[in-house]
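Protein chains in written order, with this note's numbering: chain A, 3 to 116; chain W, 18 to 133. Using N, Cα and C, we set each Cβ at its ideal position, and we do this for glycine too. Values in this document were obtained by computation on a predicted structure and should not be read as measured data. A quick write-up on the structure given underneath.
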């Protein structure tokens, strides 16, 4: 009965490769997000989708391409991986995007670039 | 833009003693504020939220926070720490100014250490 699930949990790959992270939520929410948490635990939003439409893109390099096939899924594809992409990536979802709506987070995907 | 400042990167307490995690916010309008907790290798879990209703907000696991506009603070407290409270805590503000949509802005986190 996991609410927000991400796969894979761990991803180890070499520089220059292309990889994808999948996210699914079963909460019936219509807004989904991707966050990046760096080695100092700092969390920053990357993208937000509302009803499958991109609404926030926080100056993320265009090597990162989110895709939302439906409201329950928001996948993240990363091309030409670089060392600086090593981080933990979190998917989240919320019911609408009003300020009082909390976001529900997945357990994260730890990406390590060799 | 909205922002939050967590005043302590680490807080150490003994089990059974009170917990105080400090957070100050900066906002040009009435903010929505949250506290999230992150246990090791886990995602973030909502502890509590303030959205301009009661200024004293009660959350899960005995935590509460008080919104003080005059001090621009939203400190998190708990009367008695448990070992299971050891985790990273994030103070968060919602900022929708530039896009019109909710965007969470996170503080830098406070690591709570609980000793027996």
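Residue i: contacting residues in chain W (beta-carbon distance under 7 Å)
{"i": "residue 23 of chain A", "result": "Going along chain W, no residue has its Cβ under 7 Å from residue 23 of chain A, so there is no contact; the nearest lies around 14 Å."}
Interface residues of chain W facing residue i [CB-CB closer than 8 Å]
{"i": "residue 68 of chain A", "result": "Near residue 68 of chain A there are no residues of chain W at all, since even the closest Cβ is about 15 Å away, more than 8 Å."}
{"i": "residue 32 of chain A", "result": "Within 8 Å Cβ-Cβ: nothing; residue 32 of chain A doesn't reach chain W, min ~12 Å."}
{"i": "residue 103 of chain A", "result": "119"}
Residue-chain proximity (residue i, chain D), Cβ-Cβ < 7 Å
{"i": "residue 92 of chain A", "result": "Absent here is chain D; the protein component of the structure consists of chains A and W."}
Inter-residue Cα distance where the pair is residue i and residue j
{"i": "residue 100 of chain W", "j": "residue 36 of chain W", "result": "12 Å"}
{"i": "residue 169 of chain A", "j": "residue 29 of chain W", "result": "Limits of chain A in this structure are 3 at one end and 116 at the other, which puts residue 169 of chain A out of reach."}
{"i": "residue 64 of chain A", "j": "residue 108 of chain A", "result": "24 Å"}
{"i": "residue 68 of chain W", "j": "residue 19 of chain A", "result": "43 Å"}
{"i": "residue 29 of chain A", "j": "residue 126 of chain W", "result": "27 Å"}
{"i": "residue 102 of chain W", "j": "residue 118 of chain W", "result": "32 Å"}
{"i": "residue 75 of chain A", "j": "residue 25 of chain A", "result": "6 Å"}
{"i": "residue 21 of chain A", "j": "residue 81 of chain A", "result": "7 Å"}
{"i": "residue 17 of chain A", "j": "residue 90 of chain W", "result": "43 Å"}
{"i": "residue 94 of chain A", "j": "residue 36 of chain A", "result": "6 Å"}
{"i": "residue 42 of chain W", "j": "residue 51 of chain W", "result": "11 Å"}
{"i": "residue 10 of chain A", "j": "residue 111 of chain A", "result": "6 Å"}
{"i": "residue 38 of chain A", "j": "residue 124 of chain W", "result": "14 Å"}
{"i": "residue 63 of chain W", "j": "residue 55 of chain W", "result": "9 Å"}
{"i": "residue 74 of chain W", "j": "residue 31 of chain A", "result": "25 Å"}
{"i": "residue 60 of chain A", "j": "residue 87 of chain W", "result": "32 Å"}
{"i": "residue 72 of chain A", "j": "residue 34 of chain W", "result": "47 Å"}
Contacting residues, own chain, Cβ-Cβ under 6 Å from residue i (five flanking each side not counted)
{"i": "residue 31 of chain W", "result": "132"}
{"i": "residue 79 of chain A", "result": "22, 67"}
{"i": "residue 57 of chain A", "result": "50"}
{"i": "residue 41 of chain A", "result": "none"}
Helix, strand or coil at residue i [DSSP, three-state]
{"i": "residue 87 of chain A", "result": "helix"}
{"i": "residue 20 of chain A", "result": "coil"}
{"i": "residue 72 of chain A", "result": "strand"}
{"i": "residue 101 of chain W", "result": "helix"}
{"i": "residue 56 of chain A", "result": "strand"}
{"i": "residue 38 of chain W", "result": "strand"}
{"i": "residue 94 of chain A", "result": "strand"}
{"i": "residue 39 of chain A", "result": "strand"}
{"i": "residue 129 of chain A", "result": "No answer is possible for residue 129 of chain A: the residues shown for chain A start at 3 and end at 116."}
{"i": "residue 26 of chain A", "result": "strand"}
{"i": "residue 62 of chain A", "result": "coil"}
{"i": "residue 31 of chain A", "result": "coil"}
Neighbour list for residue i in chain A, Cβ cutoff strictly below 8 Å
{"i": "residue 123 of chain W", "result": "44, 45, 46"}
{"i": "residue 66 of chain W", "result": "102, 104"}
Proximal residues to residue i (C-beta, below 7 Å), its chain only, five neighbours per side dropped
{"i": "residue 121 of chain W", "result": "109, 111"}
Residue ranges of each beta strand (DSSP E) run of no fewer than 3 residues wholly in the segment 42-99 of chain W, ordered along the chain?
50-55, 61-67, 73-75, 81-85, 90-95
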